[in-house]
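Anchor point for the sequence shown: position 54 equals 54 in UniProt numbering, and the numbering is continuous, going up by one each time.
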Amino acid sequence: MPSVQDWINNPLGVVDGAFAQNNSGAEWEKKVVEYFKEKLKVNGAQSWVPSLNDVPLHYLKPNSLVKFRCMIQDMFDPEFFMGVYETVDSSTNSKVLRCGKYKDVTDCGQVDFNSRNAVTSERQTFYCVPIPGESQWVKENYACSSQARVVPSTSYTPNRHKRSYEEDDEMDTQAQQENKLNSGPPNVDSHRNVESKRLETEAPSQNNSPSRCSSNLDLNFPLPGEQGPACLVKVYEGWDGFKLNDMLEVFGILSVDPALSLMADDKEASSLLDPTESMETVEEQRAHSPPASLVPRIHMLYAQPLKHNNPLLPSAVSEDKGAFLSGVLSELTSVRSELLTYLTHIFLGDSLAAEYLILHLISSVYARRDVLPLGKFTLNVSGCPHSSPYTDQLYQIIQQLVPSSYQICMSLHNMNNQRMVPRKDYTANRLVSGTLQLASNTSLFLDETQLEQGQLDATGVRNITALGNLISWQKVDYDFNYHQMEFPCNINVLIVSEGRSLLPSDCQVHLRPALSPPNLEEYLKTVQLAQASSQLNKYRVYFTVARSLDYNISDQITKAVEEDFVEMRKDDPQSVSAEDLHRMLIVARLLSLSYGQTSLSRENWIKAKQMEMMRISRTQQQKCVNGNEP
1 MPSVQDWINN PLGVVDGAFA QNNSGAEWEK KVVEYFKEKL KVNGAQSWVP
51 SLNDVPLHYL KPNSLVKFRC MIQDMFDPEF FMGVYETVDS STNSKVLRCG
101 KYKDVTDCGQ VDFNSRNAVT SERQTFYCVP IPGESQWVKE NYACSSQARV
151 VPSTSYTPNR HKRSYEEDDE MDTQAQQENK LNSGPPNVDS HRNVESKRLE
201 TEAPSQNNSP SRCSSNLDLN FPLPGEQGPA CLVKVYEGWD GFKLNDMLEV
251 FGILSVDPAL SLMADDKEAS SLLDPTESME TVEEQRAHSP PASLVPRIHM
301 LYAQPLKHNN PLLPSAVSED KGAFLSGVLS ELTSVRSELL TYLTHIFLGD
351 SLAAEYLILH LISSVYARRD VLPLGKFTLN VSGCPHSSPY TDQLYQIIQQ
401 LVPSSYQICM SLHNMNNQRM VPRKDYTANR LVSGTLQLAS NTSLFLDETQ
451 LEQGQLDATG VRNITALGNL ISWQKVDYDF NYHQMEFPCN INVLIVSEGR
501 SLLPSDCQVH LRPALSPPNL EEYLKTVQLA QASSQLNKYR VYFTVARSLD
551 YNISDQITKA VEEDFVEMRK DDPQSVSAED LHRMLIVARL LSLSYGQTSL
601 SRENWIKAKQ MEMMRISRTQ QQKCVNGNEP
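Quick look at the structure:
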C-alpha cells in the first residue's frame, strides 16, 4: 500500500479538480464517480479505506474517504443544496465558481446569492445504522482485514462538554491503542479495545444545553444494546434504486463540521422564538439534524449492495459466484459431515434435529408467488427443557455460525412491553425502529420456553400477530398510524419450545436426546471449545455459500416425484396430503443445496422422504405420550 493515498485523504481535491476542468453539464460528476469506482476496484484498495464500523470517529480525518457497513433504517425527504455557487473576493471583487457537491458547508468566502451562475441541486438523505444483530466474529474479521492506517486527528478535535468515567479510564490507555493502530491490521484483542472505544463517538456535541445531550438523543437502533455510529448518508444519484432495510457498504466523504451542530442549534432556537420561521417542529429538527459528533454525515460516492455480510467470503461472490464457488464446492460435502457431527453433539446425540437445523440455516426466500414467499423454512424444535440454560446456549452456538442474529425471549413481560413493529412518528417525521426491522438473512431465535401463564395486553397481541405474519408471509406491517404498510423481508425464524409452538412453523421436529450429561452447561461449553476457529470459519463459509446456490428440478425427476406421490396415496389417500408433498419438496431442495448440488437427484428425494417419515413418526409418538391423540 502506498504511504499516502491522496484520493483517500483528500477526495474533495479530486472533486474540485474535476469541477475546475469542466463545470458545465453533468460530465464532470460522472467522471468523479467513475474515478473512485476504478480506484476501489484495484486489488485490496477497499481495505485501505477506514471504516466507521471499526474506527472511533475522532480517529478519522474530516473530509477524508471512509466506508460504512450499514442498513438503511429510514429515508428522509429530499433536500436542496447549492450545487454550484459563486464566491466574491471582497478585496479584489473577483468572482470564483465553486462546487457545493459532497459538502455540508460552503468554502470560505462571501457567497453571491444573486449570481446567475448559481445552481440549486437536490439530494436524498438516508438514516443508516450498523447492521442489526451483527455477530462479534463478523466485526472482528472485518476489522482484522482492514489495511487502513489511522491516528487520532490533530486537525479536528470534537469539543465535548462532559465525558463519562469510562472514557476517563480509557484515556489512560490511549497511547498503547495508538501504537497498535499504527503497527498494522489490528488483531482480535486490539479490536475488542477499539470496540470499547467506539463509545467515545457517542459524546455530546458542542452545545451545552441538556436537550442536546447524547442521553436524550435516540439513535434509533432497531435492537436494544446495539453500539456503533449512526450516519446520515447523503445520496446524489440513483436513490430510487435503494430500499428501506437494504444492506450496503457505503464509500463516501466524511463530514463532521462543528458548524453543523451550531446551525442545528440556531435553527432550533429560532423556531422556539418564532414558530412561523420554520415549518419543521423542534422534534423533527432534532431527528433530522443531530450533532455531527454523534451522527456524522457521509456524502456517498459509491455504494455496494451487500447480499451477505460474511467477511470470510470476497465481496465479489455476490456478483460472480462461479470463480469463488469452484474452490469451495469440492469441500462442501466433507464440511457438511463435520458440521452434522458438531450439531448432533449440541442436540445431545439427536442427528435428525441436527439435519433439520442445517436445512433451516441455509434456507432463504428466493422468489415470491403472489403473496407466498418461496424458500422459507421456519423450524420449531420442541422438547427443549424449560428450567435449564440449554436454549441460551443453543442461541450462542448459532450466533457463532451466522453473520447476524437476534434472540427474543417470549416471556409475558417482553411480549407486552417490547416494541417489535416499526412505527411512523409524524411529529419528528421519522420511522421509529422496532426489533423486527432486520436485514435480510438475519437469524431470529424465538425462545418460547420462557412463556408463562398470564394475560397478553394490546401490545402483546400485536407482537404475537406480527411474529405470526413474519413467519407465514415473510412480511412486517409497519405502523403508519392511519394505515399499515407492508414491508417484505427474508428472516430465518427458529422457534424453541417445550411442546408444539403456539406460533406457526413450516416444520416441527421434536428433540429426542440420546445423551444425558450430568452438567449440561459444562458439556455444551466443552463441545464448543473443541471446535477450532478455523473449523468454525469453514462452517460459516458453508452456510453462506449453500444459501447462495441456484437450484432446479429436471423434468425427469419431476415426473418421478409425481409418480411417487400417486404410489404413496394408493393405499391410504389420507396418509399424504398435497401439503406434505410440498414440504417434502422443500426438504429435498434444501437437502440438495446442503450437499452443494444445484439439482434434485433421486437419492436426495428418497432421503428427504425418509427424513420426513422419521420426523412425522416421532411427532405422532410424542402426541400419544402427551395424551393429545389416541
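Note that beta-carbon positions come from the ideal geometry of N, C-alpha and C, so glycine has one too.
Alpha carbon to alpha carbon, what distance is there between F76 and F480?
The residue you call residue 480 lines up with position 480 of the sequence shown. The residue you call residue 76 lines up with position 76 of the sequence shown. Cα to Cα, F480 sits roughly 15 Å from F76.
Using the DSSP secondary-structure output, state which residues sit across from A367 in a beta bridge.
Position 367 of the sequence shown, counted from the start, is the residue given in the question as residue 367. A367 is bridged to L374.
Just to confirm the assignment, what range does the alpha helix (DSSP H) spanning K101 have?
Within the sequence shown, the letter at position 101 stands for residue 101. It is not in any alpha helix (DSSP H) - K101 carries neither H nor E in the DSSP assignment.
Using 8 Å as the threshold, is the C-beta distance between Y142 and N43 below it?
Stepping through the sequence shown from its first residue, residue 142 is reached at position 142. Stepping through the sequence shown from its first residue, residue 43 is reached at position 43. Pairing Y142 with N43 gives a Cβ-Cβ distance that is not under 8 Å.
Pick from P403, P222, R368, G133: whose alpha carbon is nearest that of R540?
In the sequence shown, residue 540 corresponds to position 540, counting from 1. Out of P403, P222, R368, G133, P403 has the C-alpha closest to the C-alpha of R540.
Tell me whether T276 sits in a helix, a strand or coil according to DSSP, three-state version.
Position 276 of the sequence shown, counted from the first residue, corresponds to residue 276. Because T276 carries a pLDDT of 46, less than 50, the predicted location of this residue cannot be relied on, and the following value inherits that uncertainty. Three-state result, T276: helix.
Report the start-end ranges of each alpha helix (DSSP H) in the stretch 32-101 that is 4 residues or longer and not cut off at the edges.
Counting whole runs of 4 or more residues, the stretch 32-101 contains no alpha helix (DSSP H) stretch at all.
For C384 and E237, I'd like the C-alpha separation in whole angstroms.
As a working note, residue 384 is residue 384 in the sequence shown. As a working note, residue 237 is residue 237 in the sequence shown. Cα to Cα, the separation comes out at about 51 Å.
So what does DSSP say about Y302, is it helix, strand or coil?
What you label residue 302 is simply residue 302 of the sequence shown in a count that begins at 1. Here Y302 sits in strand by DSSP.
Return yes when the Cβ of S47 is within less than 8 Å of the Cβ of N9, no when it is not.
Position 9 of the sequence shown, counting from 1, holds the residue named residue 9. Position 47 of the sequence shown, counting from 1, holds the residue named residue 47. Inclusion of N9 and S47 in the CB contact set at 8 Å is not warranted, their separation being larger than that value.
My output table needs one value for G468: the three-state DSSP class, helix, strand or coil.
As a first step, residue 468 must be located in the sequence shown, where it is residue number 468. Of the three classes helix, strand and coil, the one that applies to G468 here is helix, per DSSP.
Among K475, N380, S497, S592, which residue has its Cα nearest to the Cα of D370?
Locating residue 370 in the sequence shown gives position 370, counting from the first residue. It is K475 whose Cα lies nearest to the Cα of D370.
Quick check: what's the CA-CA separation for F565 versus A588?
Translated into positions along the sequence shown, residue 565 becomes position 565. Translated into positions along the sequence shown, residue 588 becomes position 588. Roughly 14 Å between the two C-alpha positions.
Are there any heavy atoms of the ligand ZN lying less than 7 Å away from the beta-carbon of V496, as far as the coordinates show?
For the structure depicted, the ligand ZN is absent and the ligand set is empty, with no information on it obtainable.
Along the chain, where does the beta strand (DSSP E) containing Y478 start, and where does it finish?
Within the sequence shown, residue 478 is the residue found at index 478, counting from 1. 475-479 is the span of the beta strand (DSSP E), which, as asked, contains Y478.
Taking the Cβ atom as the reference point for each residue, do L357 and L374 lie within a distance shorter than 8 Å?
Locating residue 357 in the sequence shown gives position 357, where the first residue counts as 1. Locating residue 374 in the sequence shown gives position 374, where the first residue counts as 1. The answer is no: Cβ separation not under 8 Å.
Between which residues of its own chain and W473 is the CB-CB distance below 7 Å, once the five residues before and five after are set aside?
By one-based count along the sequence shown, residue 473 stands at place 473. V371, P373, listed in sequence order.
Which residue wins for smallest C-alpha separation from G100, given the options N93, S121, L219, S94?
For the purposes of this step, residue 100 is taken as residue 100 along the sequence shown, with counting starting at 1. Closest in alpha carbon position to G100, among N93, S121, L219, S94, is S121.
Across which residues does DSSP place H483 in a beta bridge pair?
On the sequence shown, residue 483 is found 483 positions in, with the first residue counted as 1. Beta-bridge analysis with DSSP links H483 to no other residue.
In terms of residue numbering, what span does the beta strand (DSSP E) encompassing V432 cover?
Position 432 of the sequence shown, counted from the first residue, corresponds to residue 432. Run containing V432: 430-432, per the beta strand (DSSP E) assignment.
Start-to-end residues for the alpha helix (DSSP H) that takes in V138
Taking the sequence shown and counting its residues from 1, one reaches residue 138 at position 138. It spans 136-144 - the alpha helix (DSSP H) in which V138 sits, taken as one unbroken run.
List the whole-angstrom C-beta distance separating residue 702 from H386, where the pair is believed to meet the contact cut-off of C-beta under 8 Å.
A query on residue 702 cannot be resolved here, the shown segment of the chain reaching from 1 to 630 and no further.
Who does N492 pair with in a DSSP beta bridge?
Counting from 1 along the sequence shown, the entry for residue 492 is found at position 492. According to DSSP, which records beta bridges pairwise, N492 is partnered with S443.
Count the other C-beta atoms from every protein chain shown that fall within 10 angstroms of the C-beta of D350, then say buried if there are 16 or more, exposed otherwise.
Locating residue 350 in the sequence shown gives position 350, counting from the first residue. The residue in question, D350, is buried, as its Cβ has 16 or more Cβ neighbours within 10 Å.
Have a look at the DSSP bridge pairing and note the partners of residue 637.
Absent from the structure is residue 637, since the part of the chain shown begins at 1 and ends at 630.
Check for me: the beta strand (DSSP E) holding V527 runs from which residue to which?
Here the question's residue 527 lines up with position 527 in the sequence shown. Careful: V527 lies outside any beta strand (DSSP E), inside the alpha helix (DSSP H) at 520-529.
Can you check DSSP and say which residues form a bridge with I253?
Taking the first residue of the sequence shown as 1, we reach residue 253 at position 253. According to DSSP, which records beta bridges pairwise, I253 is partnered with L65, H299.
Distance check for R500 and E338, CA to CA, integer angstroms please.
Position 338 of the sequence shown, counted from the first residue, corresponds to residue 338. Position 500 of the sequence shown, counted from the first residue, corresponds to residue 500. For E338 and R500, the distance between alpha carbons rounds to 29 Å.
Which stretch, first to last residue, makes up the alpha helix (DSSP H) that contains Y395?
To locate residue 395, count along the sequence shown from 1; it is residue 395. DSSP places Y395 in the uninterrupted alpha helix (DSSP H) bounded by 390-399.
What are the boundary residues of the beta strand (DSSP E) that I358 is part of?
Here residue 358 refers to the residue found at position 358 when the sequence shown is read from its first residue. Premise fails: I358 lies in the alpha helix (DSSP H), 351-362, not in any beta strand (DSSP E).
Determine whether the beta carbon atoms of residue 679 and L412 lie at a separation below 8 Å.
Since the first residue of the chain shown is 1 and the last is 630, residue 679 is not available in this structure.
S405 (DSSP reduced to helix, strand or coil):
The sequence position of residue 405 within the sequence shown is 405, counting from 1. Looking at S405 - three-state DSSP - the assignment turns out to be strand.
Opening and closing residue of the alpha helix (DSSP H) in which K559 lies:
For this step, residue 559 is matched to residue 559 along the sequence shown. Annotation: the continuous alpha helix (DSSP H) that includes K559 extends over 555-571.
Taking the straight line between their C-alpha atoms, what separation do you get for S255 and R98?
The residue labelled residue 255 in the question sits at position 255 within the sequence shown. The residue labelled residue 98 in the question sits at position 98 within the sequence shown. C-alpha separation (whole angstroms): 18 Å.
Does DSSP classify R512 as helix, strand or coil?
Within the sequence shown, numbered from 1, the residue matching residue 512 stands at position 512. In the structure shown, the three-state DSSP call for R512 is coil.
Does the beta-carbon of A303 have 16 or more other beta-carbons within 10 angstroms, so that it is buried, or is it exposed?
Position 303 of the sequence shown, counted from the start, is the residue given in the question as residue 303. Residue environment: A303 is assigned as buried (16 or more neighbouring CB atoms within 10 Å of its CB, all protein chains considered).
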